[in-house]
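J.:
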Amino acid sequence: MSLLNRYYWGILGLVLATYGFSLFHAYVGEEANYTIMSMEMWQRQIFRSVVALGSVGGRPPLYNWVMIPVARLVGWSQVLLAARLVTLGATLGTALILGWWARSLWPGTGAGKLAGLLYLMTADVLFYRGWLAYADPLFAFFMVLSAFLLWSAVQRRSLLWLLLSLWVIFASYLTKVVTAYAYFGGIWLVLLSQRSPRAFLCSPRAMGIYVLGLLPMGLWLGTVGHQDPLQVTGQLADVSDKLLSPDALEPWLLKLGEFPLSILVGLLPSSLWVLRGMISQHSRGISWPLPVKILAGMALLNFFPYWIAPHSSPRYVLPEYGLVVWWQPII
Numbered sequence: 024m025s026l027l028n029r030y031y032w033g034i035l036g037l038v039l040a041t042y043g044f045s046l047f048h049a050y051v052g053e054e055a056n057y058t059i060m061s062m063e064m065w066q067r068q069i070f071r072s073v074v075a076l077g078s079v080g081g082r083p084p085l086y087n088w089v090m091i092p093v094a095r096l097v098g099w100s101q102v103l104l105a106a107r108l109v110t111l112g113a114t115l116g117t118a119l120i121l122g123w124w125a126r127s128l129w130p131g132t133g134a135g136k137l138a139g140l141l142y143l144m145t146a147d148v149l150f151y152r153g154w155l156a157y158a159d160p161l162f163a164f165f166m167v168l169s170a171f172l173l174w175s176a177v178q179r180r181s182l183l184w185l186l187l188s189l190w191v192i193f194a195s196y197l198t199k200v201v202t203a204y205a206y207f208g209g210i211w212l213v214l215l216s217q218r219s220p221r222a223f224l225c226s227p228r229a230m231g232i233y234v235l236g237l238l239p240m241g242l243w244l245g246t247v248g249h250q251d252p253l254q255v256t257g258q259l260a261d262v263s264d265k266l267l268s269p270d271a272l273e274p275w276l277l278k279l280g281e282f283p284l285s286i287l288v289g290l291l292p293s294s295l296w297v298l299r300g301m302i303s304q305h306s307r308g309i310s311w312p313l314p315v316k317i318l319a320g321m322a323l324l325n326f327f328p329y330w331i332a333p334h335s336s337p338r339y340v341l342p343e344y345g346l347v348v349w350w351q352p353i354i
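Residue numbering for the sequence shown follows the working numbering, starting at 24 and increasing by one per position.
#1: Whose C-beta lies closer than 7 Å to the C-beta of VAL255 among residues of the same chain, with five residues either side of it excluded?
#2: What are the complete alpha helix (DSSP H) segments, minimum 4 residues, inside the segment 133 to 176?
#3: On a CA-only basis, which of LEU27, ALA156, PHE207 and ILE317 is nearest SER1? Give me that one, please.
#4: Is it the case that the Cβ atoms of LEU341 and ALA163 are separated by a distance below 7 Å?
#5: So, does the segment 54 to 63 touch the segment 90 to 99, judging by three or more C-beta pairs under 8 Å?
#6: Under a three-way DSSP split, which group does SER100 fall into?
#7: Have a look at GLY289 and THR246 and give me their C-alpha separation to the nearest angstrom.
#8: Throw me the rounded Cβ distance for the SER355 and MET166 pair, which I believe falls under 8 Å.
#9: Can you find the residues in the same chain that come closer than 7 Å, C-beta to C-beta, to PHE326, ignoring five residues on each side of it along the sequence?
#10: Check for me: the alpha helix (DSSP H) holding GLN66 runs from which residue to which?
#11: Would you call the segment 29 to 37 and the segment 134 to 146 in contact, with 3 or more CB pairs under 8 Å?
#12: Around the Cβ of ASP251, are there at least 16 other Cβ atoms within 10 angstroms (buried) or fewer (exposed)?
#13: Report the CB separation of LEU324 from LEU173 in whole angstroms; it is logged as a contact under 8 Å.
#14: Hey, how far is the Cα of LEU37 from the Cα of PRO160?
#15: Check VAL79 in the structure and name its three-state DSSP category.
#16: Are GLY54 and ALA156 close, meaning C-beta to C-beta below 7 Å?
#17: Contact defined as beta carbons within less than 8 Å: I believe LYS199 pairs with PRO83. What is the distance between those atoms, to the nearest angstrom?
#18: Hey, how far is the Cα of ALA118 from the Cα of TYR42?
#19: From ILE302 to LEU185, what does the alpha carbon distance come to, in whole angstroms?
#20: Locate the alpha helix (DSSP H) running through SER303, then write down its first and last residues.
#21: Using 8 Å for Cβ pairs, my map puts GLY116 next to ARG126. What's the rounded Cβ distance?
Shown next, in the form of structure tokens:
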């Protein structure tokens, strides 16, 4: 980490320049999907559901909501740039949250600035997912922000922060898919394993906050879900198919070995630092601090369903990158 500390500003400048150049890359993969949706939504003035090639419904629209005003600002002819600016903003926002989180736990150590930088320079984020016009980075931004707010709510015994964490995870759902709530539940369960957080999270006042926090989701399902049932049923069917529909045993077994390896490669160079740190600490008989153990539990619990699912992609676990990367400076 001394190398990163010594050349921090130079490395950060190089990383940001790389993101800047990437914004003008040609269309990649399914990037046209979201850009076309946004153009159709604006043309038809339909905003509560996405519009794709004349068909209405099927996906939550928050990514498009953010993209549309940016596209109007830079011009609809540059809609791909607008979408990528939204993605890059979410990526930078995630790095800031991770840095803030690490700094709040280890003030005066430099962990904050290193955590943010390590996330930005992670290979899969820097060269691919951190700037592509997909909903995943914005989805991950809200999930990491929600986890930070939930963590802070426990530390501060703040019902307001607990409420904000629930509202932010609703924004994550509006960005992509209902599995945002499963992620939040995993974070909540790990915190519940500790006595002090459990007393706060299970208090009668916290129960009332849960009702208020889930109210936006209930209102959304009761209004838009009624008008656009595919947005609900389609998501549930898609999630269940990926979790419960293996094509064959051999490809699934192969995926069990390949998926963690692909994540480790995607986390380079950060994963090398973590492995080196773990080996070094083990050889010296040093145990992890409690916050690191809790974060590791959160990461593993939320990673497990995607690992065993017959159909999943590394981009689905983008929020996990943050949970792993930010505590690497401490190890």
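Just so it is clear, CB atoms sit at the ideal spot from N, CA and C, and this is done for glycine as well.
T.: The structure says:
#1: Taking the sequence shown and counting its residues from 1, one reaches residue 255 at position 232. The residues are LEU244 and GLY248.
#2: 134 to 143
#3: Summary: the structure shown does not reach residue 1, with the chain confined to residues 24 through 354, and so no result is reported for it.
#4: Mapped onto the sequence shown, residue 341 falls at position 318. Mapped onto the sequence shown, residue 163 falls at position 140. Cβ atoms of LEU341 and ALA163: closer than 7 Å.
#5: yes
#6: Position 77 of the sequence shown, counted from the start, is the residue given in the question as residue 100. Helix at SER100.
#7: As a position in the sequence shown, residue 289 is number 266, starting the count at 1. As a position in the sequence shown, residue 246 is number 223, starting the count at 1. Distance between the alpha carbons of GLY289 and THR246 is about 39 Å.
#8: Beyond the ends of the chain as shown, which are 24 and 354, falls residue 355; an answer cannot be given.
#9: Numbered from its first residue, the sequence shown carries residue 326 at position 303. Closer than 7 Å at Cβ, skipping near neighbours: VAL340 and GLU343.
#10: Within the sequence shown, numbered from 1, the residue matching residue 66 stands at position 43. It spans 54 to 67 - the alpha helix (DSSP H) in which GLN66 sits, taken as one unbroken run.
#11: yes
#12: Here the question's residue 251 lines up with position 228 in the sequence shown. Buried: at least 16 other Cβ atoms inside 10 Å.
#13: Mapped onto the sequence shown, residue 324 falls at position 301. Mapped onto the sequence shown, residue 173 falls at position 150. Wrong, their Cβ atoms sit about 14 Å apart, outside the cutoff.
#14: On the sequence shown, position 14 is the one that residue 37 refers to. On the sequence shown, position 137 is the one that residue 160 refers to. Cα to Cα, the separation comes out at about 21 Å.
#15: Here residue 79 refers to the residue found at position 56 of the sequence shown. Strand, per DSSP.
#16: To locate residue 54, count along the sequence shown from 1; it is residue 31. To locate residue 156, count along the sequence shown from 1; it is residue 133. Before going further, note that residue 54 is Glu rather than Gly in the sequence given. In this structure, ALA156 lies closer than 7 Å to GLU54 by Cβ.
#17: Residue mapping note: residue 199 aligns to position 176 of the sequence shown, counting from 1. Residue mapping note: residue 83 aligns to position 60 of the sequence shown, counting from 1. With 8 Å as the limit, LYS199 and PRO83 qualify as a contact, their Cβ atoms being about 6 Å apart.
#18: The sequence position of residue 118 within the sequence shown is 95, counting from 1. The sequence position of residue 42 within the sequence shown is 19, counting from 1. C-alpha separation (whole angstroms): 13 Å.
#19: By 1-based counting over the sequence shown, the position of residue 302 is 279. By 1-based counting over the sequence shown, the position of residue 185 is 162. Looking at the two C-alpha atoms, the distance is approximately 36 Å.
#20: Here residue 303 is taken as the residue at index 280 of the sequence shown, counted from 1. That run of the alpha helix (DSSP H) goes 293 to 306.
#21: As a working mapping, residue 116 is identified with position 93 in the sequence shown. As a working mapping, residue 126 is identified with position 103 in the sequence shown. With 8 Å as the limit, GLY116 and ARG126 do not qualify as a contact, their Cβ atoms being about 16 Å apart.
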